[in-house]
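Engineer:
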Amino acid sequence: MNIPDISETRQRVAAHLVGREREIELTLAAVAANRDILLEGPPGTSKTTMLKAITAEWGIPLLFVEGNADLTPAKLVGHHNPARVLREDYSAENFVAGPLVEAMQRGGFLYIEEFNRAPEDTLNSLLTAMADRAIAVPRVGTITALPTFRVIASMNPYDNVGTTRLSTSVHDRLNRLVIDYQDEPAERGIVTLRTQATGDLADRLVADAVYVTRATRRHPDIKQGSSVRGAIDCVLVALQLSLLRDLRSPDDEGYPELVYDAMTVSLSGRIHLDEAAGSTPERVLREIWEDRFVLDPAIAEPG
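Take the sequence shown: its letters are residues 0 to 302, numbered as in numbering that gives the first Met the number 0.
1) Check this for me: beta carbons of Ile151 and Tyr180, under 7 Å apart or not?
2) Determine the extent of the beta strand (DSSP E) in which Asn174 is found, giving its start and end residues.
3) CA-CA distance, Gly302 and Asp202?
4) Assuming Leu200 and Arg247 form a contact by the criterion Cβ under 8 Å, report the distance between their Cβ atoms to the nearest whole angstrom.
5) Using only the alpha-carbon positions, how far apart do Pro3 and Pro146 sit?
6) Measuring straight from C-alpha to C-alpha, what distance separates Tyr259 and Asp207?
7) What runs of the alpha helix (DSSP H), each 4 residues or longer, lie entirely inside the segment 204 to 274?
8) Between the Cα of Ile231 and those of Leu272, Ala214 and Gly188, spot the shortest distance and give me the residue it belongs to.
9) Can you list, in chain order, the residues of its chain whose CB lies under 7 Å from that of Leu61, leaving out five sequence neighbours each side?
10) Taking DSSP's pairing of strands, which residues face Ile142 in a bridge?
11) Excluding the five sequence neighbours on either side, which residues of its own chain have a C-beta within less than 8 Å of the C-beta of Glu183, listed in chain order?
12) Return helix, strand or coil for Pro301, following the three-state DSSP convention.
13) Quick test of the definition: if touching needs 3 or more C-beta pairs under 8 Å, does the segment 157 to 176 touch the segment 114 to 126?
14) Out of Ile221, Ser226 and Glu256, which has the shortest C-alpha to C-alpha gap to Leu238?
15) By DSSP, does Phe148 sit in helix, in strand, or in coil?
16) The alpha helix (DSSP H) with Gly77 in it runs from where to where?
17) How is Ile111 classed by DSSP in three states: helix, strand or coil?
18) Does the distance from the CB of Gln223 to the CB of His170 come in under 7 Å?
19) Rounded to whole angstroms, what's the CA-CA distance from Arg216 to Ile287? Just pull it up for me.
20) So, helix, strand or coil for Ala32, using DSSP?
21) Using three-state DSSP, classify Ser153 as helix, strand or coil.
22) With H, G and I counted as helix, E and B as strand and the rest as coil, what does DSSP make of Ala96?
23) Which residues in the same chain have their Cβ closer than 7 Å to the Cβ of Ala29, if we skip the five residues on either side of it in sequence?
24) Considering Val169, what are the terminal residues of the alpha helix (DSSP H) in which it resides?
25) Please name the residue, chosen from Pro137, Ala102 and Ala117, that lies closest to Met129 on a Cα-to-Cα basis.
26) Have a look at Ser278 and Glu7 and give me their C-alpha separation to the nearest angstrom.
27) At which residues does the beta strand (DSSP E) containing Val64 begin and terminate?
28) Distance check for Val64 and Val177, CA to CA, integer angstroms please.
29) May I ask which residues mark the beginning and end of the alpha helix (DSSP H) holding Gln10?
Below you can see the structure in the form of structure tokens.
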């Protein structure tokens, strides 16, 4: 298929995201130029949402692969069905395509998350597909990719536990785009959009949830803070708690404690503490909550 007009694609993709105009433009330019790309950034920065929107506009599949130590070349490329091999011997008909071959045959995006967690020999199996848009599969033949096939990789630069350093050969075949957290107004927009929450209580919850979530990213005891998903869940949990506690307004006496309780549920599992901190997620979240509601409560106002 021919690639649709990327200017029109950009406008329609942008309707699915809050902000990210620059990232959409650069990613579209790379994939429209028949290039593969590495999206480097923490979780919850709209990488998957952007790719889903692009492939939906192009009418092609987005095939997900999780990079981990168990991702072997055979799992990525494909394998021959053992039962049929025993009955019929090796043939092209009993080859079971892996996500790489499937993406090539269907002209889709092969999206490998946690790219740097995959073994080096598995990543090396991508080199020919990226360079030549074709691979040779033993006892099957040469598989040539459709024109819209792309390899899209993502990795978290803040997480280096259990990761593999990418080889020069892999780096040389990938463009790279760093995608970081959005600014506070954009994150408020995302939370409002995802929660569909309205009213005075919801508006205040969105502002407070975004504030405390962003604070987890700069607290000295936290190695990696929460993405905007934490703020979304914080608002959703708090709204349900407000029903249970018959709390109707952000001016009600129990509002600050309601936010703290929602924080412990939505954020405590999403933050990763520095091992030398000697603290707990709950203790750190209490500090952040006190900064917002006790030390300087004036900043808790939505404006």
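Glycine included, each C-beta is placed from N, C-alpha and C at the ideal position.
Structural biologist: Walking through what the data contain:
1) For the purposes of this step, residue 151 is taken as residue 152 along the sequence shown, with counting starting at 1. For the purposes of this step, residue 180 is taken as residue 181 along the sequence shown, with counting starting at 1. Result no, Cβ atoms of Ile151 and Tyr180 do not sit closer than 7 Å.
2) For this step, residue 174 is matched to residue 175 along the sequence shown. Counting along the chain, the beta strand (DSSP E) containing Asn174 begins and ends at Asn174 to Val177.
3) Position 303 of the sequence shown holds residue 302. Position 203 of the sequence shown holds residue 202. Reliability fails at Gly302, whose pLDDT of 45 lies under 50, so the model's placement of it is uncertain and the value that follows must be treated cautiously. Rounded to the nearest whole angstrom, the CA to CA distance from Gly302 to Asp202 is 10 Å.
4) The residue given as residue 200 occupies position 201 in the sequence shown. The residue given as residue 247 occupies position 248 in the sequence shown. Rounded to the nearest angstrom, the Cβ distance from Leu200 to Arg247 is 7 Å, consistent with a contact under 8 Å.
5) In the sequence shown, the residue the question calls residue 3 occupies position 4. In the sequence shown, the residue the question calls residue 146 occupies position 147. Using only the alpha carbons, I get a separation of about 12 Å.
6) Position 260 of the sequence shown holds residue 259. Position 208 of the sequence shown holds residue 207. When rounded, the distance between both Cα atoms is 10 Å.
7) Fully enclosed alpha helix (DSSP H) runs of 4 or longer: 227 to 243 and 254 to 266.
8) Locating residue 231 in the sequence shown gives position 232, counting from the first residue. If you compare the alpha carbons of Leu272, Ala214 and Gly188 with that of Ile231, the shortest gap goes to Gly188.
9) Taking the first residue of the sequence shown as 1, we reach residue 61 at position 62. Cβ contact annotation for Leu61 (same chain, cutoff 7 Å, sequence separation greater than five): Leu50, Lys51, Thr54, Gly107, Phe108 and Tyr110, in chain order.
10) For the purposes of this step, residue 142 is taken as residue 143 along the sequence shown, with counting starting at 1. Looking at the DSSP assignment, Ile142 forms a beta bridge with Ile134.
11) Numbered from its first residue, the sequence shown carries residue 183 at position 184. Once the five neighbours on either side are set aside, the close Cβ partners of Glu183 are Val209, Tyr210 and Arg213.
12) Working through the sequence shown from its first residue, we reach residue 301 at position 302. Residue confidence for Pro301 is low, a pLDDT of 49 falling below 50, so the modelled location carries little weight and cannot support an answer.
13) Contact between the segment 157 to 176 and the segment 114 to 126 is present, because at least three Cβ pairs lie under 8 Å.
14) For the purposes of this step, residue 238 is taken as the residue at position 239 of the sequence shown. Scanning Ile221, Ser226 and Glu256 for the CA closest to the CA of Leu238 turns up Glu256.
15) Here the question's residue 148 lines up with position 149 in the sequence shown. Coil, per DSSP.
16) The residue given as residue 77 occupies position 78 in the sequence shown. First-last for Gly77: Gly77 to His79, but that is the beta strand (DSSP E), not the alpha helix (DSSP H).
17) In the sequence shown, the residue the question calls residue 111 occupies position 112. In the three-state reduction of the DSSP assignment, Ile111 falls in the strand class, which pools E and B.
18) Here the question's residue 223 lines up with position 224 in the sequence shown. Here the question's residue 170 lines up with position 171 in the sequence shown. Not in contact: Gln223 and His170 (Cβ atoms no closer than 7 Å).
19) Stepping through the sequence shown from its first residue, residue 216 is reached at position 217. Stepping through the sequence shown from its first residue, residue 287 is reached at position 288. Distance between the alpha carbons of Arg216 and Ile287 is about 11 Å.
20) Residue numbering aside, residue 32 sits at position 33 when the sequence shown is read from its first letter. Here Ala32 sits in coil by DSSP.
21) Start at 1 with the first residue of the sequence shown, and residue 153 comes out as number 154. Look at Ser153 here: in three-state DSSP terms it is strand.
22) As a working mapping, residue 96 is identified with position 97 in the sequence shown. In the three-state DSSP reduction, Ala96 falls in the strand class (E or B).
23) Residue numbering aside, residue 29 sits at position 30 when the sequence shown is read from its first letter. Ile36 and Asn174, listed in sequence order.
24) If you number the sequence shown from 1, residue 169 lands on position 170. Where Val169 is concerned, the enclosing alpha helix (DSSP H) starts and stops at Thr167 to Asp171.
25) Taking the first residue of the sequence shown as position 1, residue 129 is located at position 130. Comparing Cα-Cα distances from Met129 to each of Pro137, Ala102 and Ala117, the minimum goes to Ala102.
26) Here residue 278 refers to the residue found at position 279 when the sequence shown is read from its first residue. Here residue 7 refers to the residue found at position 8 when the sequence shown is read from its first residue. For Ser278 and Glu7, the distance between alpha carbons rounds to 50 Å.
27) Within the sequence shown, the letter at position 65 stands for residue 64. Per DSSP, the unbroken beta strand (DSSP E) holding Val64 starts and ends at Leu61 to Glu65.
28) In the sequence shown, the residue the question calls residue 177 occupies position 178. In the sequence shown, the residue the question calls residue 64 occupies position 65. Rounded to whole angstroms, the separation of the alpha carbons of Val64 and Val177 is 20 Å.
29) Translated into the one-based positions of the sequence shown, residue 10 becomes position 11. Gln10 -> alpha helix (DSSP H) spans Ile5 to Ala13.
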